[in-house]
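S.K.:
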Amino acid sequence: MTFVILGIVLGVFVVAIVVGFVLAPPSWRRRSGVTPPATTARVPAEQAPPEVAETASQVGAPPVTTPVEATPAPAVVEAPPPSTGRLVRLRGRLAGSQSTLGRGLLALLSRDTIDDEVWDEVEEALLTADVGLPATADIVTTLRDQVRVQGTRSPDEVRDMLRNALLAALDTEVDRTLRTERHDDGPAVVLVVGVNGTGKTTTCGKLARVLVGDGRSVLLGAADTFRAAAADQLATWGERVGAPVVRGPEGADPASVAFDAVHDGAAHQVDTVVIDTAGRLHTKTGLMDELGKVKRVVERERPVDEVLLVLDATTGQNGLIQARVFAEIVAVTGIVLTKLDGTAKGGIVIAVQRELGVPVKLVGLGEGPDDLAPFEPEVFVDALLATADTAA
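Below, the structure written as structure tokens:
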């Protein structure tokens, strides 16, 4: 009996100790070496600060940090160099691709005796460079007459003789001015046309850089709505120089987009609106007619000041075929020759001008953003006649 009573007393004592421990203040429990269970207060997500916000379903879970959305960095607007003197700066590239023709002609004309066989070689060199048959005949006739009169010739005299003949073929008197200045209280309008693959959209972007470098404000019209990447490509060019781009949905009516671009350009008082058109196959009558429609619709808002035809210099005589058809549809006012640094057939400059009666106004001499330059006949011919040392 005594042991039973002792057991009951001992049990009551143990229970009292446990109850006292549970009800003891936290500070006492910490001093006792027992870690209390972790608890998390329930804070509604909408009331919690961002760094500790949590949803109602996450009560008791570790705090979740709310990500802070980064603000995109503003596009860096570049300041392109002015167009003046660009071709001089790019002369090395031009000389590197064209010097073979120049050295060959100089070597032929420097011979002590120039007979019919030599003249045949001169003619072949010019034709191989895509100068074209009519222009080649005129150049050879001019050179024959001068050689007959001068007789003995020094290297400098040969160079001057050939230089003058080539400059005459290029017609240095023709007006190569780009009509891109604001007039009649409205922007100048430039329509850029050509077949796919000539670098037409890239040329529009580079032309915007030329104009911005010369102090003009520019708006770009993405009227090539049939090529999915064309508008995005043009927008990228525009962002780099701060030129806004007017575009429509893929497959939209090109004439409508072009009209909107001119209208917006007038409303925002920009100096120049440059419109990129869809690449046209010169053999497809329907597509060419649509290009004519683009020009007519644009002219309801503003006159078109320039129609620039972009030609790939490496296509040679095929480029002339394209040029003829485009000239009939949209009255081309100037030629842009791209990839002129990638071919030894620079004579296409002479051939296309003679064929169309339209001047080459711009030339592309590389893949860089500032490799589009106003065409200067004297610089071009000097590069054509550059020696191997100069080309290097």
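First residue of the sequence shown: 9, per my numbering; consecutive thereafter. Note that beta-carbon positions come from the ideal geometry of N, C-alpha and C, so glycine has one too.
(1) So, helix, strand or coil for valine 282, using DSSP?
(2) Tell me whether histidine 271 sits in a helix, a strand or coil according to DSSP, three-state version.
(3) Which residue spans inside the stretch 122 to 184 form an unbroken alpha helix (DSSP H) run of at least 4?
(4) Kindly give me the distance between the Cβ atoms of valine 148 and glutamate 131, rounded to whole angstroms, as I take these residues to be in contact under 8 Å.
(5) What three-state label does DSSP hand arginine 310 in the structure shown?
(6) For alanine 335 versus valine 305, is the C-beta spacing smaller than 7 Å?
(7) State the DSSP-derived secondary structure class of proline 89, mapped to helix, strand or coil.
(8) Starting from threonine 209, trace the alpha helix (DSSP H) in both directions and tell me its first and last residue.
(9) Evaluate leucine 141 with the Cβ neighbour count: other Cβ atoms within 10 Å of its Cβ, from every protein chain shown; 16 or more gives buried, anything less gives exposed.
(10) Apart from the five residues on each side of it in sequence, which residues of its chain come closer than 8 Å, Cβ to Cβ, to proline 82?
(11) Using alpha carbons as the reference points, say which of Pro257, Asn204, Gly223 and Asp232 lies closest to valine 318.
(12) I'd like the span of the beta strand (DSSP E) that includes proline 382, first residue to last.
(13) Assess contact between the stretch 157 to 176 and the stretch 241 to 250, defined as three or more Cβ pairs (one per stretch) separated by less than 8 Å. Is contact present?
(14) Just to confirm, does leucine 151 get its C-beta within under 6 Å of one of the non-hydrogen atoms of the ligand MG?
(15) Got a sec? Which residues, its chain only, sit under 8 Å from proline 88 by beta carbon, not counting five neighbours each side?
(16) Thinking C-beta only, is threonine 285 closer than 7 Å to alanine 231?
(17) What are the boundary residues of the alpha helix (DSSP H) that includes arginine 362?
(18) Drop a sphere of 10 angstroms on the beta-carbon of aspartate 279, count the other beta-carbons inside from all chains shown, and report buried for 16 or more, exposed for fewer.
(19) Write down every uninterrupted run of the alpha helix (DSSP H) in the stretch 228 to 275 whose length is 4 residues or greater and which is fully enclosed by it, in chain order.
(20) By alpha-carbon positions, which one of Arg235, Ala243, Gly202 and Asn326 ends up nearest to aspartate 261?
(21) I think lysine 303 touches valine 338, with their Cβ atoms under 8 Å apart; what is that distance to the nearest whole Å?
(22) Report all residues from its chain with a CB closer than 7 Å to the CB of valine 387; omit the five preceding and five following residues, and keep chain order.
(23) Helix, strand or coil: how does DSSP classify valine 201 here?
(24) Looking at valine 197 and arginine 308, is the spacing between their C-beta atoms short of 7 Å?
(25) How would you call glycine 41, buried or exposed, if buried means at least 16 neighbouring beta carbons within 10 angstroms?
M.R.: Reading it off the structure:
(1) What you label residue 282 is simply residue 274 of the sequence shown in a count that begins at 1. Look at valine 282 here: in three-state DSSP terms it is strand.
(2) Position 263 of the sequence shown, counted from the start, is the residue given in the question as residue 271. In the three-state reduction of the DSSP assignment, histidine 271 falls in the helix class.
(3) Listed in chain order, the complete alpha helix (DSSP H) runs (minimum 4 residues) inside the stretch 122 to 184 are 124 to 136, 141 to 158 and 163 to 178.
(4) Within the sequence shown, the letter at position 140 stands for residue 148. Within the sequence shown, the letter at position 123 stands for residue 131. The Cβ separation is near 5 Å, so the contact holds.
(5) Locating residue 310 in the sequence shown gives position 302, where the first residue counts as 1. It is coil, neither helix nor strand.
(6) By 1-based counting over the sequence shown, the position of residue 335 is 327. By 1-based counting over the sequence shown, the position of residue 305 is 297. A distance of 7 Å or more separates the beta carbons of alanine 335 and valine 305.
(7) Residue 89 sits at position 81 when you count from the first residue of the sequence shown. It is coil, neither helix nor strand.
(8) Here residue 209 refers to the residue found at position 201 of the sequence shown. Run containing threonine 209: 208 to 221, per the alpha helix (DSSP H) assignment.
(9) The sequence position of residue 141 within the sequence shown is 133, counting from 1. Leucine 141 comes out exposed.
(10) Indexing the sequence shown from 1 puts residue 82 at position 74. For proline 82, the predicted model reports a pLDDT of 44, less than 50, meaning its position is unreliable; a value from the coordinates is still stated below. Result list for proline 82: empty, nothing under 8 Å.
(11) Taking the sequence shown and counting its residues from 1, the one referred to as residue 318 is at position 310. Comparing C-alpha distances from valine 318 to each of Pro257, Asn204, Gly223 and Asp232 shows the shortest one belongs to Asn204.
(12) Taking the first residue of the sequence shown as 1, we reach residue 382 at position 374. Segment 380 to 382, the beta strand (DSSP E) holding proline 382.
(13) The stretch 157 to 176, when compared against the stretch 241 to 250, does not touch it at the 8 Å Cβ threshold.
(14) Although the ligand MG was asked about, the structure shown includes no ligands whatsoever.
(15) Here residue 88 corresponds to residue number 80 of the sequence shown, with the count starting at 1. Shown here for proline 88: same chain residues with a beta carbon closer than 8 Å to its own, the five before and five after excluded, namely Arg217, Val218, Val220, Gly221, Val249, Pro377 and Asp378 in chain order.
(16) On the sequence shown, residue 231 is found 223 positions in, with the first residue counted as 1. On the sequence shown, residue 285 is found 277 positions in, with the first residue counted as 1. Yes, the Cβ-Cβ distance between alanine 231 and threonine 285 is below 7 Å.
(17) The residue labelled residue 362 in the question sits at position 354 within the sequence shown. Boundaries of the alpha helix (DSSP H) harbouring arginine 362: 356 to 364, taken from the DSSP string.
(18) Taking the first residue of the sequence shown as position 1, residue 279 is located at position 271. With 16 or more Cβ atoms within 10 Å of its Cβ, aspartate 279 is classed as buried.
(19) Listed in chain order, they are 238 to 249 and 262 to 275.
(20) Position 253 of the sequence shown holds residue 261. Relative to aspartate 261, the option among Arg235, Ala243, Gly202 and Asn326 whose CA is nearest is Arg235.
(21) Your numbering for residue 303 matches position 295 in the sequence shown. Your numbering for residue 338 matches position 330 in the sequence shown. Indeed, because the Cβ distance is near 5 Å, the residues count as touching under 8 Å.
(22) In the sequence shown, counting from the first residue as 1, residue 387 sits at position 379. Here the set comprises Leu95, Val96 and Arg99.
(23) Here residue 201 corresponds to residue number 193 of the sequence shown, with the count starting at 1. Strand, per DSSP.
(24) Along the sequence shown, read from residue 1 onward, the residue named residue 308 stands at position 300. Along the sequence shown, read from residue 1 onward, the residue named residue 197 stands at position 189. No; because the gap between Cβ atoms is not below 7 Å, this pair is not in contact.
(25) Here residue 41 refers to the residue found at position 33 when the sequence shown is read from its first residue. At glycine 41 the pLDDT is 34, less than 50, meaning the model places this residue with poor confidence; the figure from the coordinates comes in the next sentence. Exposed, because fewer than 16 other Cβ atoms sit within 10 Å of the Cβ of glycine 41.
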